[in-house]
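**Student:** First the structure, which I've put down as structure tokens, then a few questions once you've had a look.
In the numbering used here, the protein residues as written are 3 to 184.
This is how it looks when you write it as structure tokens:
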């Protein structure tokens with residue numbers, strides 16, 4: 003018998019645990035979808051052979067119970083300066099959404115729950131790449147909002163407690179995160 007045969011995988015004294023059991027329910031679907039939505043910390047894309055990396059500048063996540071959406075503006079390091087832009091975009095506009103009904107319909111067609119969660123299309127993402135020249139309004143509004151948020155506090159309140167739709171809002175402005183819960 004050679005070394006390691008008949009023993010558990012891993013280093014001596016340590017064993018590799020099997021993956022945790024996933025409950026096939028709505029809570030698991032939503033928890034994994036929210037992790038996917040919040041987990042995009044960088045967007046990488048190639049334009050004319052040049053690889054660009056976009057990082058969050060302003061993102062907003064809104065949880066309405068049966069749906070969760072993220073809208074964001076990401077930027078490259080070259081977008082920080084006022085020097086003329088080179089070829090290609092310096093900003094990425096992101097719109098991502100998870101819908102409970104669509105997720106339930108898709109998971110019912112899947113043969114393996116764990117594979118569906120790791121590879122399935124739970125979240126719909128749309129990315130649009132722009133520059134200051136192609137979409138100056140969006141970039142200008144974002145710059146003004148981010149500048150105003152550096153000096154102000156933000157309070158979110160439902161106008162009528164019985165009629166609000168959102169349950170959770172998370173805003174990321176530069177390196178600062180603000181979360182609001184009901």
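Ideal Cβ positions, reconstructed from N, Cα and C, are used throughout, including at glycine. All of these numbers come straight from a predicted model, not from anything done at the bench.
1. Taking contact to mean 3 or more Cβ pairs, one atom from each stretch, closer than 8 Å, check whether the segment 104-117 and the segment 37-51 are in contact.
2. Around the Cβ of residue 46, are there at least 16 other Cβ atoms within 10 angstroms (buried) or fewer (exposed)?
3. If you follow the alpha helix (DSSP H) that residue 120 is part of, which residue opens it and which one closes it?
4. Could you spell out where the beta strand (DSSP E) holding residue 64 opens and where it closes?
5. Going by DSSP in three states, residue 85 sits in which element: helix, strand or coil?
6. Are the beta-carbon atoms belonging to residue 150 and residue 127 less than 8 Å from one another?
7. Give the DSSP bridge partners of residue 19, in chain order.
8. So residue 129 and residue 60 are in contact, right, with Cβ under 8 Å, and what is the actual spacing, rounded?
**Tutor:** From the atom records:
1. Segments in contact, no.
2. What you label residue 46 is simply residue 44 of the chain shown in a count that begins at 1. Around the beta carbon of residue 46, fewer than 16 other beta carbons sit within 10 angstroms, so the residue counts as exposed.
3. Reading the chain shown from its first residue, position 118 is the one you call residue 120. It spans 115-121 - the alpha helix (DSSP H) in which residue 120 sits, taken as one unbroken run.
4. In the chain shown, the residue the question calls residue 64 occupies position 62. In the DSSP annotation of this structure, the continuous segment of the beta strand (DSSP E) that includes residue 64 starts and ends at 52-65.
5. Along the chain shown, read from residue 1 onward, the residue named residue 85 stands at position 83. Because residue 85 carries a pLDDT of 42, less than 50, the predicted location of this residue cannot be relied on, and the following value inherits that uncertainty. Coil.
6. For this step, residue 150 is matched to residue 148 along the chain shown. For this step, residue 127 is matched to residue 125 along the chain shown. In this structure, residue 150 sits away from residue 127, with a CB-CB distance that is not shorter than 8 Å.
7. The residue you call residue 19 lines up with position 17 of the chain shown. As computed with DSSP, residue 19 is found in no beta bridge at all.
8. Looking up residue 129 in the chain shown gives position 127. Looking up residue 60 in the chain shown gives position 58. The pair is not a contact, with the Cβ atoms about 15 Å apart (cut-off 8 Å).
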